[in-house]
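These notes are about the structure you will find just below.
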């Protein structure tokens, strides 16, 4: 069944390699809607590949494995009907298949590396069977983390539809079907994650992960939005506001999962707080890294293409140049009319990009500071290599 289902996904998505995605689907969405990070460095793939060997468990297909079962094989069949509609769920599904090969899904890997690096202080009578120094419950938590993130990505692909935007009845019906698939698939993953979470038999861990799920939802209602519900900058917005929103949407799951794995190992509260800080720092660092890609990797992101208006370089530039906000607000009824090339040029000519790089350096330094308080090991070295790859 699993092999059959995977063939269905590949057959469904094989024709999507050059399919353009409607700008309306993604304008204003943070780069966190992608499976982060987007990096061209071969050092990144090498760092992740070596880290997977250390934890004795391939994590690159976490999100895909959670979809390989009888129920979602039926969903994969229906997804084929969406080819040609440019619904966001197609792009998300494609990334789950093809990006797994390039080791881009790493939330679960971070949880496993921290688990191995931190060890297990519990007495022998309470210890569980371990593989590569990691218990089965910790491995389950890592998969739960990826599962929840995947559900969040799918849910965020739901479109606000109206007859005014899509006057063609057939197109509207197809996109409505895509929304149904997104809702059902995301809900299915959340339901399974909740079940697996209860199997861990730890109330505190349940509370931590539930907090992250709640933070996902809260992040969607912070700040201003255009008519399609996409987040856009607002007057007086600062980088502190950016951090608050992105902690809820990306950092919370990482920080709470890192604390949860230390709780499963039986570490004291103070040490768990270090795990929380590490997860928060690396999560925000990843977000800044993703935000920077349209401005530092122009080969993959040619100037003129839409990019997130809520990215760190944009917000940092707006702090010093409010005139850009007027242009964004002028097009808030239809952001496809926004001159992204002009906006990109203004940001490149300003100091927003350099400030974002400094912010990335700050977050990675905080993460490294936490690692300095953990005894050196192969796992801590792997985490350092991943952080270093983010900096480059």
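Residue numbers (this note's numbering): 140 to 531.
Each residue gets a CB set at the ideal place from its N, CA and C atoms; glycine is no exception.
Could you work out which residue in the options is closest to residue i when comparing CA atoms only?
i           : options            : result
residue 256 : 529, 518, 526, 527 : 518
residue 468 : 369, 530, 406, 311 : 369
residue 505 : 523, 461, 417      : 417
residue 458 : 495, 478, 471      : 495
residue 195 : 184, 260, 272      : 272
residue 476 : 365, 277, 288      : 365
residue 249 : 284, 276, 227      : 284
residue 372 : 316, 363, 531      : 363
residue 433 : 442, 425, 456      : 442
residue 526 : 277, 276, 423      : 423
residue 277 : 307, 300, 299, 341 : 341
residue 336 : 463, 188, 447, 286 : 286
residue 420 : 375, 449, 509      : 509
residue 410 : 428, 512, 522, 190 : 512
residue 381 : 361, 398, 392      : 361
residue 481 : 472, 493, 464      : 464
residue 279 : 332, 327, 313, 524 : 332
residue 353 : 322, 387, 383      : 387
residue 450 : 408, 190, 431      : 431
Need the endpoints of the alpha helix (DSSP H) that residue i sits in, please.
i           : result
residue 433 : 408-435
residue 502 : 491-510
residue 317 : 308-338
residue 483 : 479-488
residue 247 : 246-257
residue 260 : Taken as a continuous stretch (DSSP letters only), residue 260 belongs to no alpha helix (DSSP H), as it is neither H nor E.
residue 457 : 451-457
Please classify residue i: does DSSP put it in a helix, a strand, or coil?
i           : result
residue 274 : strand
residue 442 : strand
residue 513 : coil
residue 462 : helix
residue 534 : No answer is possible for residue 534: it lies beyond the span of the chain, which begins at 140 and ends at 531.
residue 286 : helix
residue 529 : helix
residue 185 : helix
residue 474 : helix
residue 448 : coil
residue 467 : helix
residue 279 : helix
residue 293 : helix
residue 300 : coil
residue 523 : helix
residue 227 : helix
If I'm right that residue i touches residue j with Cβ under 8 Å, what's the distance once you round it to whole angstroms?
i           : j           : result
residue 324 : residue 293 : 5 Å
residue 514 : residue 486 : About 42 Å separates the two Cβ atoms, so there is no contact after all.
residue 302 : residue 350 : In fact, because the Cβ distance is near 39 Å, the residues do not count as touching under 8 Å.
residue 253 : residue 400 : 6 Å
residue 412 : residue 344 : Actually they do not touch by this definition, with Cβ atoms about 15 Å apart.
residue 259 : residue 414 : The pair is not a contact, with the Cβ atoms about 14 Å apart (cut-off 8 Å).
residue 134 : residue 299 : This structure does not reach residue 134, given that the chain is present from 140 up to 531, and the question cannot be answered.
residue 290 : residue 320 : No, residue 290 and residue 320 are not in contact; Cβ-Cβ is about 13 Å, not under 8 Å.
residue 385 : residue 426 : 5 Å
residue 428 : residue 522 : Contact doesn't hold; Cβ gap of about 15 Å is too wide.
residue 393 : residue 246 : 6 Å
Is the shortest distance between the beta-carbon of residue i and the beta-carbons of chain C less than 8 Å?
i           : result
residue 319 : Reference to chain C is not applicable here, since this structure consists of a single protein chain.
Can you find a heavy atom of the ligand ZN that lies under 7 Å from the Cβ of residue i?
i           : result
residue 489 : For the ligand ZN, the structure offers nothing, since it holds no ligand at all.
Please list the segments of the alpha helix (DSSP H) lying wholly inside the region 327-397, counting only runs of 4 or more residues, in order along the chain.
Fully enclosed alpha helix (DSSP H) runs of 4 or longer: 342-358, 378-385.
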